[in-house]
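Numbers given in the working numbering equal positions in the sequence shown, counted from 1, plus 9. These notes are about the structure you will find just below.
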Amino acid sequence: MLEQMHVTSLKGVGDKQAEKLEKLGLRVVQDLLFHLPLRYQDKTKLTSLDEAIIGQEIQIEAEITSQRLTPGRRPTLMVQARDTSGHSIGLRFFHFHPSQARQFKRGEFVRAFAELRSGPNGLEMVHPQYQIFTHTPPALDDTLTPVYPTTEGLGQASLVKLIKQAITLLKQYPLAEGLDLDWLKTRQLPAINQALLTLHQPQPDDDLGQIKRFEHPAQQRLIVEELVTQQVSLFLMRQQQERRYAPQFGDSPSAQRLLAQLPFSLTGAQQRVWQQIQQDLSRDHPMQRLIQGDVGSGKTIVAALAALQAADAGYQVAIMAPTEILAEQHRNHFCEWLEPLGIEVAWLNGRLKTAEKRDMLEKITQGQAKIAVGTHALFQESVQFNQLGLVIIDEQHRFGVHQRLSLNQKAQSETKDFAPHQLTMTATPIPRTLAMTAYGDLDISVIDELPPGRQPIDTAVLNNHKRQEVMAHLYHQCQQGVQAYWVCPLIDESEALDAQAAQTTYDEFKQLWPDMRVGLIHGRLKSAEKQSIMQQFSDHHLDLLVATTVIEVGVNVPNASLMIIENAERLGLAQLHQLRGRVGRGAKKSHCVLLYQAPLSATAKARLQIMRETNDGFLIAEEDLRIRGPGEVLGTRQTGGLQLRIADIQRDQAWIEPAQTAAHDLLRLAASDPERINLLQQRWIGTKVEYKHA
Ligand code: ADP
Ligand code: MG
């Protein structure tokens with residue numbers, strides 16, 4: 010019932026309002042019920058100013074002692090009040106009506122609710138919610154006040170009104186239960202209707218503290234339901250993909266030839282993963298595999314072997330990288346490895362000349378080029394493959410699910426139930442719980458071994474005062490044949506300023522040591538320039554490469570053994586680890602210097618400390634997750650349609666396994682009760698995600 014009732018059937022909702030609601034993904038009345046509070050305001054009690062904590066939202070009651078307008082073009086209203094503890098507080102209003110200013114009379118009382126701040130003249134609240142009274146204080150609320158996520162043109166007050174209406178309707182037309190009642194009962198979790206009522210209108214006897222900490226059974230119940238739905242959806246996505254057909258690739262003579270020609274042999278981990286891939290590719294259903302391997306673990310060669318298996322079977326391979334530099338490196342590797350075997354590699358980027366581009370596209374369309382390497386340019390409409398059999402995506406966390414799907418569709422145009430094999434590679438080691446929820450639709454292989462002879466990178470953390478010394482040290486190192494990177498990270502959100510910082514450092518080196526062979530690389534250079542500079546560095550015609558974070562992913566110059574990162578305090582752990590991974594790729598002992606600008610925040614200090622202590626990508630990822638939370642760690646993947654509304658994979662870790670079990674039970678029953686799954690998907694994923702239960 011409520012899952013079909015459109016929002017326009019509510020009082021006060023016309024087409025315009027419905028459009029705004031749509032922006033929040035709210036179409037039917039049920040959606041409003043699942044628009045859960047972000048948090049709660051506690052107006053059930055008063056806080057005395059002598060016990061109040063800066064930064065907390067509190068409610069106070071105080072006697073007005075003065076009010077004045079600060080002069081200026083846009084005056085502000087400043088009301089002073091004192092509570093029974095004898096402490097004063099200022100209430101500051103930037104926007105107000107003259108009549109509002111007159112309300113605050115000396116000797117009257119004010120009840121105010123807002124975050125407590127420390128202002129220039131002591132304690133302060135900015136634009137508090139307030140009531141003024143003379144003798145009798147207004148009654149305190151007896152429940153917590155929910156705060157809903159809003160959108161432009163749709164404020165808190167309107168949402169509260171609409172959700173109230175939805176709740177009245179809920180009492181009349183309860184929702185169907187999505188989970189098994191016995192399952193819920195043994196875990197002491199409430200039924201769905203009860204849970205929703207509690208969260209929208211917590212009662213005085215509900216444990217408010219528990220609700221604030223997201224530990225209330227009503228919340229836990231919704232968290233589980235959402236996680237179950239997510240697991241079911243991932244499973245169905247996977248299953249849907251698995252039902253499709255993919256070409257079967259047999260043994261690859263070219264792969265054997267490449268292996269025989271390599272100057273090294275595969276590590277045990279590479280061999281194991283290569284075997285898993287070979288097996289996947291020999292089946293007539295699409296491979297859906299993620300290779301996880303720390304920076305420098307040697308993912309590229311494994312990808313090349315997979316590509317050869319497809320090429321030998323007469324199929325094409327698309328290889329996608331998130332940046333042009335990385336795409337170029339891949340092209341270099343693939344050309345070096347595959348062209349001697351007689352396999353042509355095509356190359357697409359956003360900056361090819363028209364004629365070159367036409368030529369490349371032609372080769373891809375005709376099937377003459379078996380391998381196509383590029384950035385997201387490969388997604389473009391104009392790229393038509395002759396026979397795409399395998400898609401390889403490097404550094405997958407930068408791509409969204411939707412992009413992955415769109416590349417799939419390139420191959421599906423002719424026959425609907427055909428899909429290419431898919432291999433994704435990431436250097437972001439994802440902790441297990443996170444992998445289970447975010448990559449539940451992929452098989453995961455881990456390259457958990459570095460090539461032999463690699464030595465851990467020594468990392469030092471130094472105050473920027475030492476910058477000159479570091480520069481001099483670097484110069485002497487380079488004199489002795491060392492190759493180094495100097496990274497100037499994003500100073501601003503602007504690429505121009507960023508490039509500027511690198512330029513300045515480059516100029517400094519040139520001025521101090523004119524004989525030094527220094528190169529400069531940043532995002533504003535033309536593709537050809539970048540390529541030529543990388544090539545010079547790679548050939549050791551340059552000793553030092555001053556760069557912006559454009560070199561973050563994938564750049565591979567094994568002889569480079571020294572890295573300086575400036576303003577390291579501004580970078581996240583994952584990024585620091587990626588950057589540092591550009592050294593330590595050969596047999597030479599490598600060093601990394603992290604320069605920071607004091608003072609350091611507590612988290613920045615913690616990050617740099619971790620970098621100094623460990624080279625282990627998994628440890629670093631765990632810490633990263635702890636510091637930043639899963640949304641940011643996963644990047645686009647999290648916002649690619651699998652975003653969670655109430656569950657938090659980290660906070661709610663303990664529920665992931667039970668949810669997985671429950672999801673499997675549900676799927677087992679799906680044959681007799683398919684409605685249950687539809688119901689859950691509509692509830693939690695709504696119409697936003699296009700993966701439909703097959
Ligand atoms: P990543 O996993 O970070 O993409 P790469 O594939 O770029 O790592 O490999 C890093 C370096 O290690 C490259 O120079 C590559 O040729 C080399 N390499 C890869 N596998 C091995 C191996 N088994 N033995 C020695 N060197 C290897
Ligand atoms: Mg790589």
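We put the CB at the ideal spot given by N, CA and C, even for glycine.
| Asked | Found |
| --- | --- |
| Residue 601 vs residue 589 beta-carbon contact at 7 Å | yes |
| Where residue 495 falls: helix, strand or coil (DSSP) | strand |
| Assigned secondary structure, residue 472 (DSSP; H/G/I helix, E/B strand, else coil) | strand |
| Of the residues 23, 49, 16 and 428, the one placed nearest residue 34, counting alpha carbons only | 16 |
| Coarse secondary structure for residue 685, derived from DSSP in three states | helix |
| Nearest-angstrom Cα separation, counted from residue 91 out to residue 98 | 6 Å |
| Backbone secondary structure at residue 223 - three-state DSSP | coil |
| Sub-7 Å separation of residue 720 and residue 93 beta-carbons | There is no way to answer for residue 720, as the model of the chain reaches only from 10 to 703. |
| Inter-residue Cα distance where the pair is residue 476 and residue 125 | 41 Å |
| Distance, residue 237 Cα to residue 37 Cα | 22 Å |
| Residue 240 beta carbon less than 7 Å from that of residue 662 | no |
| Three-state secondary structure (DSSP) of residue 251 | helix |
| CB contact flag (residue 433, residue 402, <7 Å) | yes |
| Contact the stretch 220–235 vs the stretch 380–396: 3+ CB pairs below 8 Å | no |
| Any 3 or more C-beta pairs closer than 8 Å across the stretch 376–392 and the stretch 354–364 | yes |
| Limits of the unbroken alpha helix (DSSP H) element including residue 134 | No alpha helix (DSSP H) holds residue 134; the beta strand (DSSP E) holding it covers 131–135. |
| Distance between residue 204 and residue 650 (C-alpha atoms, nearest Å) | Unreliable positioning characterises residue 650 in this predicted model, as indicated by a pLDDT of 39, which lies under 50. The coordinate reading is nonetheless provided below. Roughly 25 Å between the two C-alpha positions. |
| Rounded C-alpha distance that separates residue 254 from residue 398 | 11 Å |
| Residue 525 to residue 550 span [Cα, whole Å] | 11 Å |
| Bounding residues of the beta strand (DSSP E) (the contiguous stretch that carries residue 329) | 325–329 |
| Backbone secondary structure at residue 142 - three-state DSSP | strand |
| Cβ contact (3+ pairs, closer than 8 Å) linking the stretch 278–292 and the stretch 257–264 | yes |
| Own chain, CB closer than 8 Å to residue 53, minus 5 neighbours either side, in chain order | 149, 150, 151, 152, 153, 213 and 217 |
| Straight-line Cα distance separating residue 175 from residue 57 | 37 Å |
| Where residue 376 falls: helix, strand or coil (DSSP) | coil |
| C-alpha gap between residue 74 and residue 121, whole angstroms | 15 Å |
| Reduced DSSP secondary structure (H/G/I, E/B, other) of residue 13 | coil |
| N- and C-terminal bounds of the alpha helix (DSSP H) containing residue 294 | Where residue 294 is concerned, there is no enclosing alpha helix (DSSP H), given that its DSSP letter is neither H nor E. |
| Any non-hydrogen atom of the ligand ADP closer than 6 Å to residue 388 Cβ | no |
| Proximity of residue 172 and residue 41 at Cβ, strictly below 7 Å | yes |
| beta-carbon residue 20 near the ligand MG non-hydrogen atom, thresh 6 Å | no |
| Beta-carbon proximity check, residue 227 vs residue 195, cutoff 7 Å | no |
| Residue 349: CB within 6 Å of a non-hydrogen atom of the ligand ADP | no |
| The ligand ADP heavy atom lying under 6 Å from the CB of residue 309 | yes |
| Continuous alpha helix (DSSP H) assignments of at least 4 residues falling wholly in the stretch 526–584 | 536–547 |
| Beta-carbon contacts of residue 77 that lie in its chain and below 7 Å, excluding the five residues immediately before and after | 87 |
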